[in-house]
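J.: Residue numbers (my numbering): 37 to 598. Take this structure, written in structure tokens, and hold onto it; I'll ask about it next.
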């Protein structure tokens, strides 16, 4: 449950940022660094979602009572959160990236303050600044922090920060690292330093966009710019000759703070169009820094909550019914008018002439009762997956497409009617991973080479995880697919060992084996899994894996270039 943000909590964010940045200089406190950063990141995301105008304004405010590094890190955290919000990332994923942004300066607060003041550093201090990310990773690893996104982002942050622009385009594949890198670049440009030009945020975004070759970075910058337009607080404007700062905008009504000597004196409500410029102000006024943003005259931000409960309830009705009929399936789909087109298109492969169905009932009868519920589940889950924003969304889509091709080819000679039987469980498991572990999904696969392991490869490994959380995965299958034989079979390949697998379980294991080995051209060491795959291929009238791989290559499967 989110607590309502107050001026006191807003002030504490600045204070706690300063305190976290001091922990490195006390070795006794090293063990609490990660928990402290995690808690701080949660507060940033929670406060931003309730008060985006407040945080956007702080991008143009230098809090005089805090040092340069504190203001810099606050700006980095705000920018990362704003980008993630504009891209519709969920809370957990956003918090992970904010943790990385805060950790950027966790080892060099004093040194960065000196550099900002124009002071020279010792040779040792210069090395510390250059190697701060490697040291931060080392500290996190010593603190038994789970290995994952944060360490990976920090390990490549300096490289990405430099490579995101430049004369020669450099391929950059880790999109979360790109987000933190561009936030770091913008924050450094807009946070005032002695003897160095301070850019306005629109200048910084424009300059970075024009010198950037990475498509994801350009899209993120465009979305950030739109987010700042949606919540334009911090824009400096003139109202009847007086200096004002935009506090909020609601439809055609704007709310200004009248400033005298950089202190807020009055709130002005006006329909005057917004014409102004962004500039950084050095502020020591607690009202403007913290209090004015919670004035009852200002409009509250209304956030639309995405709710998948109706879809999940429908999936549950389809997956927890032992003997569904067409009427029951149609009734379950009444809330989803948009599914009719998707179902009509999906059912084409079941029509000998490849024609679309004319209605939902026609779609279901073309497919057949045994397959209809699975088809509806798959189409509904695919829609839900598409609606989940993620930095690796295109990569996830490519991997899912490859799974589909592997299944299609596997059953092309025999048992073609079992397409939904095999594909729907994979769709469900991918949705589970995106919903439950979005911050852990990676572009690269996680493949542990242990030739003596009795545990089957996991679908999670295809998406960079070591394994699924078995308890939550079992609960998920039980809640929504309790009567689905195929979902239980795929679950067994995640939770059981080789001696416990049934023949159907082995078919799903073979699909996972073929997907990973063909998509990434890797050799999976466990010989028993390869033997099971060979046996399953024989069941579907394939000679061996070589014949299957050549046939798959002829289909021009999605190529993943690392």
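Just so it is clear, CB atoms sit at the ideal spot from N, CA and C, and this is done for glycine as well. Here the structure is a predicted model, which means the values were calculated and not measured.
Can you name, in chain order, every residue of its own chain whose Cβ lies under 7 Å from the Cβ of residue 591, other than the five neighbours on each side?
T.: Closer than 7 Å at the Cβ level, and outside the excluded window around residue 591, lie 441 and 445.
J.: Does residue 525 come out as helix, strand or coil in the three-state DSSP assignment?
T.: Correct three-state label for residue 525: helix.
J.: With DSSP run on the structure shown, which of helix, strand or coil describes residue 50?
T.: Correct three-state label for residue 50: helix.
J.: Buried or exposed: which applies to residue 37, given that a residue is buried once 16 or more other Cβ atoms fall within 10 Å of its Cβ?
T.: With a pLDDT of 47 at residue 37, under the threshold of 50, the modelled position of this residue cannot be trusted, and the question is left open.
J.: Please name the residue, chosen from 94, 304 and 418, that lies closest to residue 326 on a Cα-to-Cα basis.
T.: Residue 326 has its Cα closest to that of 94, out of 94, 304 and 418.
J.: Here's the rule I'm using: 16 or more other beta-carbon atoms within 10 Å means buried, otherwise exposed. How should residue 61 be labelled?
T.: Flag for residue 61 reads exposed.
J.: At what residues does the beta strand (DSSP E) containing residue 289 begin and finish?
T.: Here the beta strand (DSSP E) through residue 289 covers 289–296.
J.: Could you give the first and the last residue of the continuous alpha helix (DSSP H) run that contains residue 249?
T.: Premise fails: residue 249 is in no alpha helix (DSSP H) and is neither H nor E.
J.: Tell me the residue span of the alpha helix (DSSP H) that contains residue 139.
T.: Looking at the DSSP string, the run of the alpha helix (DSSP H) that includes residue 139 is 127–139.
J.: Per DSSP, which one or two residues make a beta bridge with residue 312?
T.: Its beta-bridge partners are 273.
J.: Would you mind reading off the limits of the alpha helix (DSSP H) that contains residue 362?
T.: Residues 362–368.
J.: Thinking just about the alpha-carbon of each residue, which of 407, 309, 406 and 432 is nearest to the one in residue 418?
T.: Ranking 407, 309, 406 and 432 by Cα distance to residue 418 puts 432 first.
J.: Which residue spans inside the stretch 431–475 form an unbroken alpha helix (DSSP H) run of at least 4?
T.: Whole alpha helix (DSSP H) segments, 4+ residues: 455–472.
J.: Mark residue 50 as exposed unless 16 or more other C-beta atoms lie within 10 angstroms of its C-beta, in which case mark it buried.
T.: Answer is buried; the Cβ neighbour count reaches 16.
J.: Anyone know if the C-beta pair for residue 304 and residue 267 falls short of 8 Å?
T.: Result no, Cβ atoms of residue 304 and residue 267 do not sit closer than 8 Å.
J.: Could you give the distance in angstroms between the alpha-carbon of residue 44 and the alpha-carbon of residue 235?
T.: If you take the alpha carbons of residue 44 and residue 235, they lie about 30 Å apart.
J.: Note the first and the last residue of the continuous beta strand (DSSP E) segment covering residue 301.
T.: Note, residue 301: beta strand (DSSP E), 299–306.
J.: Is it buried or exposed for residue 230, if we count other Cβ within 10 angstroms and need 16 for buried?
T.: Classification for residue 230: exposed.
J.: Between 114, 181 and 162, which lies nearest to residue 215 when the distance is taken from Cα to Cα?
T.: Checked all of 114, 181 and 162; the closest Cα to residue 215 is 114.
J.: Straight-line CA distance for residue 120 to residue 112?
T.: Cα-Cα distance, rounded: 12 Å.
J.: What's the C-alpha gap between residue 511 and residue 200?
T.: Approximately 42 Å between the Cα atoms of the pair.
J.: Looking at the structure shown, is residue 282 part of a helix, part of a strand, or coil, going by DSSP?
T.: In this structure, residue 282 counts as strand in the three-state DSSP scheme.
J.: Does the distance from the CB of residue 554 to the CB of residue 585 come in under 8 Å?
T.: Result yes, Cβ atoms of residue 554 and residue 585 sit closer than 8 Å.
J.: Report the rounded CA-to-CA distance for residue 106 versus residue 517, giving the unit in angstroms.
T.: Answer to the nearest angstrom: the Cα atoms are 49 Å apart.
J.: With a 10 Å radius around its C-beta and 16 neighbouring C-beta atoms as the bar for buried, classify residue 521 as buried or exposed.
T.: It counts as exposed.
J.: Would you mind giving the Cβ-Cβ distance between residue 552 and residue 497, rounded to the nearest angstrom? I have them listed as a contact below 8 Å.
T.: Contact holds; Cβ gap of about 7 Å.
J.: Relative to the alpha-carbon of residue 459, which residue among 534, 409 and 244 has its alpha-carbon at the smallest distance?
T.: Among 534, 409 and 244, the Cα nearest to that of residue 459 is on 409.
J.: In chain order, which continuous runs of the alpha helix (DSSP H) of length 4 or greater are located wholly inside the stretch 375–420?
T.: The stretch 375–420 contains these whole alpha helix (DSSP H) runs: 375–382 and 396–403.
J.: Secondary structure at residue 424, three-state DSSP: helix, strand or coil?
T.: Correct three-state label for residue 424: coil.
J.: Straight-line CA distance for residue 264 to residue 404?
T.: Straight-line Cα distance between these residues: approximately 51 Å.
J.: DSSP state of residue 99, grouped into three classes?
T.: In the structure shown, residue 99 sits in a strand (DSSP, three-state: E or B).
J.: Where does the unbroken beta strand (DSSP E) through residue 229 begin, and where does it stop?
T.: Looking at the DSSP string, residue 229 is not in any beta strand (DSSP E), and its letter there is neither H nor E.
J.: I need the straight-line Cα distance from residue 528 to residue 508, nearest angstrom please.
T.: Between residue 528 and residue 508, the C-alpha separation is close to 14 Å.
J.: What residue range does the alpha helix (DSSP H) around residue 323 cover?
T.: Looking at the DSSP string, residue 323 is not in any alpha helix (DSSP H), and its letter there is neither H nor E.
J.: How would you write the range of the alpha helix (DSSP H) that residue 194 sits in, first residue to last?
T.: Looking at the DSSP string, the run of the alpha helix (DSSP H) that includes residue 194 is 185–199.
J.: Would you kindly work out how many angstroms separate the C-alpha atoms of residue 217 and residue 131, rounded to a whole number?
T.: Approximately 16 Å between the Cα atoms of the pair.
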